[in-house]
Amino acid sequence: MEKKLKKTKEETQNDLPPIPLTRKELKNLFNYHIPCLCCGREMLPPDTYMNLMDSKELGGTACEAIKVLEPYEHIMHPVEKQVFNMLKSMSSKYPDKNFQELLEMKKDIHELALVKIQSSIFNKVSFYRRILPKKMARQLRKLMISTNDIIFDPEPHKPFSRRIFIHKLKNIIRNLNNKKVKEEIIKIARRLPRSSDEVCAFVVKNTRKKPAVIALNLIHSSVGTFEHLTPKCMKGLSNSLNFALECSYCNNSRHHYPIPIQIEENPDMPKNAQLQADKLISLCKKDICNKEYIENLREVLYWLSDRYINLDISHLYLT
Ligand SMILES: [Zn+2]
Numbered sequence: 404m405e406k407k408l409k410k411t412k413e414e415t416q417n418d419l420p421p422i423p424l425t426r427k428e429l430k431n432l433f434n435y436h437i438p439c440l441c442c443g444r445e446m447l448p449p450d451t452y453m454n455l456m457d458s459k460e461l462g463g464t465a466c467e468a469i470k471v472l473e474p475y476e477h478i479m480h481p482v483e484k485q486v487f488n489m490l491k492s493m494s495s496k497y498p499d500k501n502f503q504e505l506l507e508m509k510k511d512i513h514e515l516a517l518v519k520i521q522s523s524i525f526n527k528v529s530f531y532r533r534i535l536p537k538k539m540a541r542q543l544r545k546l547m548i549s550t551n552d553i554i555f556d557p558e559p560h561k562p563f564s565r566r567i568f569i570h571k572l573k574n575i576i577r578n579l580n581n582k583k584v585k586e587e588i589i590k591i592a593r594r595l596p597r598s599s600d601e602v603c604a605f606v607v608k609n610t611r612k613k614p615a616v617i618a619l620n621l622i623h624s625s626v627g628t629f630e631h632l633t634p635k636c637m638k639g640l641s642n643s644l645n646f647a648l649e650c651s652y653c654n655n656s657r658h659h660y661p662i663p664i665q666i667e668e669n670p671d672m673p674k675n676a677q678l679q680a681d682k683l684i685s686l687c688k689k690d691i692c693n694k695e696y697i698e699n700l701r702e703v704l705y706w707l708s709d710r711y712i713n714l715d716i717s718h719l720y721l722t
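Structure (structure tokens):
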């Protein structure tokens, strides 16, 4: 029995090409200003982020934290950059305050803006009470009442959580037979602002955090990550045959949706993937990346994207 099991394992391994790069080698690529596969923005090396986590200055006054973050301003994502600039101009007026104290001063105005956006989305979700089966409609009504209680209360017992709301909503409609309606409802709920998409959501969420955490959140979206091209939940491998280099924002935004849907939401992705391939090819010429990784990436992206991403890697073969 043991022998048989062993053989099957060996056979499976033989079906796959060898792993082109180790995790360490792949992670090392982040040190060479790689653009994200999806959004094309330069990524922050994960090791740099880890070192910043130990920086005491990030928990100090805004002026001290700004000095540490300034070298990374050019790779901040748009929302984070906007908040960083706001904090910069406030810090010259209030040099003794930290990030948390400065955000607190802006909280009320941003909370109002956020509630406006949220309530218009909740209205759209509530509309489905008209077409859902009775029991589900009742549960949805209950959820919307408790949600409204949270967002319209200036001092709620527990702050509103987008993640928990979507989770509860999914639970309510999980047995709904009409797949189209089910998808529509979740799609609307996903439009609820995240702190990485709206300045007001970033400010509201982060006023509850410690100054050092706020500082790290300003650069967290830019951190380089390994994206499973075939999602892990669909038995995607956890090695460089299935890993692409993507920023934390794009990785989190994709969830486990297929790549064609990721392209629908990020129409520049094929162009950005080419930018990344060009950069990897140039690193290959310096022996920092290897040919096999790029060839495999091309092949996997081509098929998983329904041929939308057709990387030109001809330069790889020019001497
Ligand atoms: Zn990205």
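Okay, so the sequence shown: first residue is 404 according to this note's numbering, each after it adds one.
All C-beta atoms, glycine included, are put in the ideal place defined by N, C-alpha and C.
Please read these numbers as outputs of a predicted model, since none were measured by experiment.
* Nearest to MET672 (by Cα), restricted to the options VAL626, PRO438, PRO421 -> In the sequence shown, the residue the question calls residue 672 occupies position 269. Per the C-alpha coordinates, the member of VAL626, PRO438, PRO421 positioned closest to MET672 is PRO438.
* What is the rounded straight-line gap between the Cα of ILE422 and the Cα of THR722? -> Your numbering for residue 422 matches position 19 in the sequence shown. Your numbering for residue 722 matches position 319 in the sequence shown. Cα to Cα, the separation comes out at about 25 Å.
* Under the three-state reduction of DSSP, which class applies to THR451: helix, strand or coil? -> Mapped onto the sequence shown, residue 451 falls at position 48. It is helical.
* Contact test: CYS442 Cβ vs ligand 1 heavy atom, cutoff 8 Å -> For this step, residue 442 is matched to residue 39 along the sequence shown. At a threshold of 8 Å, CYS442 counts as near ligand 1, since its beta carbon sits closer than that to one of the ligand's heavy atoms.
* Determine the direct distance from the alpha carbon of GLN542 to that of LEU455, and round the result to whole angstroms. => The count along the sequence shown starts at 1 and reaches residue 455 at position 52. The count along the sequence shown starts at 1 and reaches residue 542 at position 139. Separation of LEU455 and GLN542 (C-alpha to C-alpha, rounded to the nearest whole angstrom) is 45 Å.
* To do: Compare the Cα-Cα distances from LEU719 to each of ASN713, SER494, LEU686, VAL703 and report the closest residue.
  => Here the question's residue 719 lines up with position 316 in the sequence shown. Taking each of ASN713, SER494, LEU686, VAL703 in turn and checking the Cα distance to LEU719, the smallest one comes out for LEU686.
* Inter-residue spacing [alpha-carbon to alpha-carbon] between LEU440 and ARG593 -> Position 37 of the sequence shown, counting from 1, holds the residue named residue 440. Position 190 of the sequence shown, counting from 1, holds the residue named residue 593. So the alpha carbons of these two residues sit roughly 23 Å apart.
* **LEU440, DSSP secondary structure in three states** => The count along the sequence shown starts at 1 and reaches residue 440 at position 37. Correct three-state label for LEU440: coil.
* Asked: Where does GLU405 land, buried or exposed, given buried means 16+ other C-beta within 10 angstroms?
  -> Taking the first residue of the sequence shown as 1, we reach residue 405 at position 2. Any reading at GLU405 is ruled out, since the residue's pLDDT is 43, under 50, leaving its predicted position unreliable.
* **Option nearest HIS659 by Cα separation, candidates ILE666, PRO670, PRO634** => To locate residue 659, count along the sequence shown from 1; it is residue 256. Nearest C-alpha to HIS659 among ILE666, PRO670, PRO634: PRO634.
* Could you tell me whether any non-hydrogen atom of ligand 1 is closer than 8 Å to the CB of GLU667? => The residue you call residue 667 lines up with position 264 of the sequence shown. Checking the Cβ of GLU667 against ligand 1 gives no.
* As assigned by DSSP and simplified to three states, the class of GLY627 -> Translated into positions along the sequence shown, residue 627 becomes position 224. Secondary structure of GLY627 (DSSP, three-state): strand.
* If you pair each beta-carbon of the segment 497 to 514 with each one of the segment 458 to 470, do three or more pairs fall below 8 Å? -> Of all C-beta pairs linking the segment 497 to 514 to the segment 458 to 470, three or more are shorter than 8 Å, placing the two stretches in contact.
* Asked: For PHE555, does the count of other Cβ atoms within 10 angstroms reach 16, so buried, or fall short, so exposed?
  -> Locating residue 555 in the sequence shown gives position 152, where the first residue counts as 1. With fewer than 16 other Cβ atoms within 10 Å, it is exposed.
* Could you check the C-alpha separation between ASN699 and ASN431 for me, to the nearest Å? => In the sequence shown, residue 699 corresponds to position 296, counting from 1. In the sequence shown, residue 431 corresponds to position 28, counting from 1. The straight-line gap separating the alpha-carbon atoms of ASN699 and ASN431 is approximately 18 Å.
* Just curious, the alpha helix (DSSP H) that LEU686 is in, first and last residue? -> As a first step, residue 686 is located in the sequence shown; it is residue number 283 there, counting from the start. Per DSSP, the unbroken alpha helix (DSSP H) holding LEU686 starts and ends at 672 to 688.
* Taking the continuous beta strand (DSSP E) assigned at CYS650, which residues delimit it? -> As a working note, residue 650 is residue 247 in the sequence shown. Residues 646 to 650.
* Does the beta-carbon of ASN675 have 16 or more other beta-carbons within 10 angstroms, so that it is buried, or is it exposed? -> Looking up residue 675 in the sequence shown gives position 272. Flag for ASN675 reads buried.
* Option in ILE684, HIS623, LYS613 with minimal Cα separation from GLY463 -> One-based indexing of the sequence shown puts residue 463 at position 60. For the residues ILE684, HIS623, LYS613, the minimum Cα distance to GLY463 belongs to LYS613.
* Per-residue burial, ILE588 [other beta carbons within 10 Å of its own, 16 or more giving buried] -> Stepping through the sequence shown from its first residue, residue 588 is reached at position 185. Note on ILE588: 16 or more other CB atoms within 10 angstroms of its CB, so buried under the neighbour-count rule.
* Note down, in chain order, each residue of its chain lying with its Cβ closer than 8 Å to the Cβ of ILE591, except the 5 sequence neighbours on either side. => Your numbering for residue 591 matches position 188 in the sequence shown. Within the same chain, ILE591 has close Cβ partners ILE524, LYS527, VAL528.
* Asked: Of the residues LEU707, ILE478, ARG444, which one's Cα is nearest the Cα of LEU678?
  -> Within the sequence shown, the letter at position 275 stands for residue 678. Selected option, being the one with the closest Cα: ARG444.
* Who are the Cβ neighbours of PRO498 in its own chain at under 6 Å, not counting the five residues just before and after it? -> Within the sequence shown, residue 498 is the residue found at index 95, counting from 1. CYS466.
* Buried or exposed for THR411, please, with buried defined as at least 16 other CB atoms from any protein chain shown within 10 angstroms of its CB. => Position 8 of the sequence shown, counted from the start, is the residue given in the question as residue 411. Per-residue confidence for THR411 stands at a pLDDT of 45, beneath the threshold of 50, marking its modelled position as unreliable; no derived number is given.
* Reference PHE433; option with closest CA among ARG710, ALA647, CYS603, GLN665 -> Along the sequence shown, one-based indexing puts residue 433 at 30. Nearest to PHE433 by C-alpha distance, out of ARG710, ALA647, CYS603, GLN665, is ALA647.
* Could you give the distance in angstroms between the alpha-carbon of SER717 and the alpha-carbon of LEU632? -> Position 314 of the sequence shown, counted from the start, is the residue given in the question as residue 717. Position 229 of the sequence shown, counted from the start, is the residue given in the question as residue 632. Between the alpha carbons of SER717 and LEU632 lies a gap of roughly 22 Å.
* Asked: Taking the Cβ atom as the reference point for each residue, do LEU517 and PRO596 lie within a distance shorter than 9 Å?
  -> Counting from one through the sequence shown, the residue named residue 517 turns up at place 114. Counting from one through the sequence shown, the residue named residue 596 turns up at place 193. The answer is yes: Cβ separation under 9 Å.
* Inter-residue Cα distance where the pair is ILE664 and LEU424 -> Within the sequence shown, numbered from 1, the residue matching residue 664 stands at position 261. Within the sequence shown, numbered from 1, the residue matching residue 424 stands at position 21. So the alpha carbons of these two residues sit roughly 28 Å apart.
* Might you give, ordered along the chain, the residues of its own chain that have their beta carbon closer than 7 Å to the beta carbon of VAL607, omitting 5 neighbours on each side? => Counting from one through the sequence shown, the residue named residue 607 turns up at place 204. Short of 7 Å from the beta carbon of VAL607, and not among the five residues preceding or following it, lie these beta carbons of its own chain, in chain order: LYS510, HIS513, GLU514, LEU517.
* How about GLU649: is its Cβ closer than 8 Å to a heavy atom in ligand 1? -> Taking the sequence shown and counting its residues from 1, one reaches residue 649 at position 246. At a cut-off of 8 Å, the beta-carbon of GLU649 counts as near ligand 1: some heavy atom of the ligand is closer than that.
* Asked: Hey, how far is the Cα of SER643 from the Cα of ASN580?
  -> Numbered from 1 along the sequence shown, position 240 holds the residue referred to as residue 643. Numbered from 1 along the sequence shown, position 177 holds the residue referred to as residue 580. Taking the straight line from one Cα to the other gives about 39 Å.
* Taking only the alpha-carbon atoms, compute the straight-line gap between LEU506 and ILE553 and give it to the nearest angstrom. => Reading the sequence shown from its first residue, position 103 is the one you call residue 506. Reading the sequence shown from its first residue, position 150 is the one you call residue 553. The alpha-carbon atoms of LEU506 and ILE553 are separated by roughly 21 Å.
* Would you say SER624 and SER599 are within 9 Å of each other, going by their C-beta atoms? -> As a first step, residue 624 is located in the sequence shown; it is residue number 221 there, counting from the start. As a first step, residue 599 is located in the sequence shown; it is residue number 196 there, counting from the start. With contacts defined by Cβ atoms closer than 9 Å, SER624 and SER599 form a contacting pair.
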